[in-house]
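A.B. asks:
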Amino acid sequence: MLNKRYLPSITALQCFEAVTRHLSFTRAAEELNLTQSAVSKQVAQLEELLQHLLFRRVRRRLQMTPAGDLYLVEVRKILTQVEMSTHYLRSYGGETEVLRVSTPPTFGARWLVPRLKGWRLRHPSIHLDLCSEQEADDLLQGRSDLAFYFGQGSRPGTECLKLFGEELVPVCAPGSLPDTPFTDPTQLTDLVLLQNASRPQAWHDWFDSQGYHTEHSYHGPRFETFYMCIRAAQVGCGVALLPKFLVEEELADGKLVIPWQHAMPSTDAYYLAYPEHSAEVPKVRDFVKWMLEQIDSPDMPSK
């Protein structure tokens, strides 16, 4: 149970946030359609609750304290979330509904977004809200209606629809290749192995799947997303190990090449998941149907 003693009012948070932008109680009051004394009182009550000063006057000018700077970051998150939740609920059950979909960032940009073309025409009353920030319990906590993810097809309390698997291939810029062709895959370490933070074991497994071992398989700059790895490989930073379907365009255009022809199938796959209790919700059902149609298209990666 929340302790209401330490819960400031939304009005107090709004007053504080407005004052931080204007550095003026008077101008903040004008924006919020309140009196200057009302805004000042709200901030004073907030400071009393926090037991920290949020502002101080220096040469008759208002300045934020370090505590104020720190609190502002959190307050803006809270106010933004309240606003988003309000917009969502206003649309709930009405003619227009919001469908919140979470996706890995590079997968979302490279595979999902191109396959949303035409969605708006078929479902004009369903507004898609795509997010690349993912937490394991987003679906069960109601933060997302559906989630794309890479892994195993089992998540408690959810229905998981398998989309397709992947093959990992090494890619680099054409200018990164030496004049003499490689005779051994471990020679790729001379180009610098670009590491992906979500797949720390990938290079080791790729070499191992061919019966090779190198002490450099974990060495090299580490990037958070596949998109960063793609860009790093394109500009000549090294060689990246990537799902082939994510770089088909660059390979076709010659911006990236495969320096050693070995594709390693992943043991995991891409899935679309949604809560079990949402299976018959119209907007969820419509999106799942749309995705199944995309899966049947001829340009799909292997399942």
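So the sequence shown is residues 1 to 303, counted in full-length UniProt numbering. From the three backbone atoms N, C-alpha and C, an ideal C-beta is built for every residue, glycine too.
The beta strand (DSSP E) spanning Asp-129 covers which residue range?
C.D. replies: Counting along the chain, the beta strand (DSSP E) containing Asp-129 begins and ends at 126-131.
A.B. asks: Once DSSP output is grouped into helix, strand and coil, what is the label at Arg-143?
C.D. replies: Arg-143: coil per DSSP, three-state reduction.
A.B. asks: What is the DSSP secondary structure of Arg-199, reduced to helix, strand or coil?
C.D. replies: Here Arg-199 sits in coil by DSSP.
A.B. asks: Terminal residues of the continuous alpha helix (DSSP H) containing Arg-60?
C.D. replies: Neither: Arg-60 is in no alpha helix (DSSP H) and is coded neither H nor E.
A.B. asks: Can you give me the C-alpha to C-alpha distance between Thr-205 and Asn-196, rounded to a whole angstrom?
C.D. replies: Note that residue 205 is Asp in the sequence shown, not Thr. Going by the C-alpha atoms only, they are around 13 Å apart.
A.B. asks: Quick one: what does DSSP say Gly-108 is sitting in, helix, strand or coil?
C.D. replies: Here Gly-108 sits in helix by DSSP.
A.B. asks: For Asn-33, collect the residues of the same chain with a Cβ closer than 7 Å to its Cβ; drop the 5 residues on either side in sequence, then sort them by chain order.
C.D. replies: Around Asn-33: no qualifying Cβ.
A.B. asks: According to the neighbour-count rule (16 or more other Cβ atoms, all chains shown, within 10 Å of its Cβ), is Pro-124 buried or exposed?
C.D. replies: Exposed: under 16 other Cβ atoms inside 10 Å.
A.B. asks: Between the C-alpha atoms of Phe-150 and Leu-23, what's the straight-line distance to the nearest angstrom?
C.D. replies: So the two alpha carbons sit approximately 46 Å from each other.
A.B. asks: So, are the CB atoms of Cys-160 and Ala-273 less than 8 Å apart?
C.D. replies: Yes, Cβ-Cβ distance for Cys-160 and Ala-273 is below 8 Å.
A.B. asks: Mind checking whether Leu-241 and Trp-203 have CB atoms under 8 Å apart?
C.D. replies: Yes; because the gap between Cβ atoms is below 8 Å, this pair is in contact.
A.B. asks: Within 10 angstroms of the Cβ of Gln-14, are there 16 or more other Cβ atoms? Answer buried if so, exposed if not.
C.D. replies: The residue in question, Gln-14, is buried, as its Cβ has 16 or more Cβ neighbours within 10 Å.
A.B. asks: For the putative contact between Ser-270 and Leu-163, defined by C-beta atoms under 8 Å, what is the C-beta separation to the nearest angstrom?
C.D. replies: Here residue 270 is Tyr; the residue named in the question, Ser, does not match the sequence. Rounded, the Cβ-Cβ distance is 4 Å, consistent with contact.
A.B. asks: Give the range of the beta strand (DSSP E) segment to which Leu-242 is assigned.
C.D. replies: From DSSP, the beta strand (DSSP E) with Leu-242 extends over 239-243.
A.B. asks: Under three-state DSSP, which class holds Thr-103?
C.D. replies: Of the three classes helix, strand and coil, the one that applies to Thr-103 here is coil, per DSSP.
A.B. asks: Check for me: the beta strand (DSSP E) holding Tyr-274 runs from which residue to which?
C.D. replies: That run of the beta strand (DSSP E) goes 269-275.
A.B. asks: On the three-state DSSP scale, how would you describe Lys-162?
C.D. replies: Lys-162: strand per DSSP, three-state reduction.
A.B. asks: At what residues does the beta strand (DSSP E) containing Leu-168 begin and finish?
C.D. replies: Counting along the chain, the beta strand (DSSP E) containing Leu-168 begins and ends at 167-171.
A.B. asks: Considering only residues of the same chain and omitting the five flanking positions on each side of Arg-231, which have a CB-CB separation below 8 Å?
C.D. replies: The answer is none, since no qualifying residue turns up.
A.B. asks: Helix, strand or coil, according to DSSP, for Glu-83 in the structure here?
C.D. replies: Three-state result, Glu-83: helix.
A.B. asks: Please report how far the alpha carbon of Leu-89 lies from the alpha carbon of Glu-83, in whole angstroms.
C.D. replies: Taking the straight line from one Cα to the other gives about 10 Å.
A.B. asks: Leaving aside the five residues before and after Arg-100 along the sequence, list all residues of the same chain whose C-beta is less than 6 Å from its C-beta, in chain order.
C.D. replies: Asp-129, Ser-144 and Asp-145, listed in sequence order.
A.B. asks: What whole-angstrom Cβ distance do Gly-157 and Pro-275 have, given they're in contact under 8 Å?
C.D. replies: Rounded, the Cβ-Cβ distance is 6 Å, consistent with contact.
A.B. asks: Going by DSSP in three states, Phe-223 sits in which element: helix, strand or coil?
C.D. replies: Correct three-state label for Phe-223: strand.
A.B. asks: Apply the 10 Å Cβ neighbour rule to Lys-283 and answer buried if 16 or more other Cβ atoms are within range, or exposed otherwise.
C.D. replies: It is buried - the Cβ of Lys-283 has at least 16 other Cβ atoms within 10 Å.
A.B. asks: To which residues of the same chain is Ser-302 closer than 7 Å at the C-beta, ignoring the five residues directly before and after it?
C.D. replies: Any reading at Ser-302 needs caution, since the residue's pLDDT is 47, under 50, leaving its predicted position unreliable; the model's value is listed next. Around Ser-302: Phe-164 and Gly-165.
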